[in-house]
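Sequential numbering of the sequence shown, starting at 440, is according to the numbering used here. One structure is given here, and the rest of the page talks about it.
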Amino acid sequence: MLNAHCMKNPKPDHRHEMEAIYAELERRPLPRQCEMRTGCCHFRLAGHTPMLTRGEAFYAAQGVRASGRKALKPHPDGACPLLGRDGRCTIYKHRPFGCRTHFCAEAGGMYPRKHVADLIQRLESLDERLGGSGSRPLEAAVTDALAEL
Ligand code: SF4
440 MLNAHCMKNP
450 KPDHRHEMEA
460 IYAELERRPL
470 PRQCEMRTGC
480 CHFRLAGHTP
490 MLTRGEAFYA
500 AQGVRASGRK
510 ALKPHPDGAC
520 PLLGRDGRCT
530 IYKHRPFGCR
540 THFCAEAGGM
550 YPRKHVADLI
560 QRLESLDERL
570 GGSGSRPLEA
580 AVTDALAEL
């Protein structure tokens, strides 16, 4: 449940927790070959879109702001709106959890859930604290987060 302060400013602690979650994920290496292949960034080809909790969305939105943008523009190919013209993620350091745990088959496939279940729980817990109601598709989640930054 959020208090009045959190409702007014719903992102007071998200950055620290998101950085801690992503740092913990980095400490759990699995053999993967991401290397910015971007196969998973082409949603139509991949057949799915990353789903973001609110903490992920705020963190990604901060990456968007840091890159000098205030809003997302649809990608002409129906790919992720955060995929740059050079074919690379424009918010790589701020990319969502799903982009780090590789639903991209080319990169090695999705992490086993047991490998990251506790981190997913932390994301869900943060989502609840931030007033979220579960994961949402990337574009909608980041667009709303940008409006609240
Ligand atoms: S946020 Fe970045 S890594 Fe994730 S799908 Fe979009 S462009 Fe790809």
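Positions of the beta carbon are idealized from the N, C-alpha and C atoms, including for glycine.
Query	Result
Would you mind giving the Cβ-Cβ distance between residue 488 and residue 588, rounded to the nearest angstrom? I have them listed as a contact below 8 Å.	Between residue 588 and residue 488 the Cβ distance is about 22 Å, and since that is not below 8 Å, they are no contact.
For residue 534 and residue 494, I'd like the C-alpha separation in whole angstroms.	12 Å
Which one of 481, 537, 500 and 491 has the shortest CA to CA distance from residue 515?	481
Would you tell me roughly how many angstroms separate the C-alpha atoms of residue 468 and residue 548, rounded to the nearest one?	14 Å
Relative to the C-alpha of residue 513, which residue among 522, 574 and 498 is closest?	522
Since I believe residue 499 is in contact with residue 491 (beta carbons under 8 Å), could you give me their beta-carbon distance rounded to a whole number of angstroms?	7 Å
To which residues of the same chain is residue 584 closer than 6 Å at the C-beta, ignoring the five residues directly before and after it?	496, 497 and 500
What residues in its chain sit with their C-beta under 8 Å from that of residue 504, if we drop five residues either side in the sequence?	585 and 588
Would the beta-carbon of residue 530 be found less than 7 Å away from any heavy atom of ligand 1?	yes
For residue 558 and residue 453, which I take to be in contact (beta-carbon distance under 8 Å), what is that distance rounded to the nearest angstrom?	With a Cβ gap of about 15 Å, residue 558 and residue 453 do not count as contacting.
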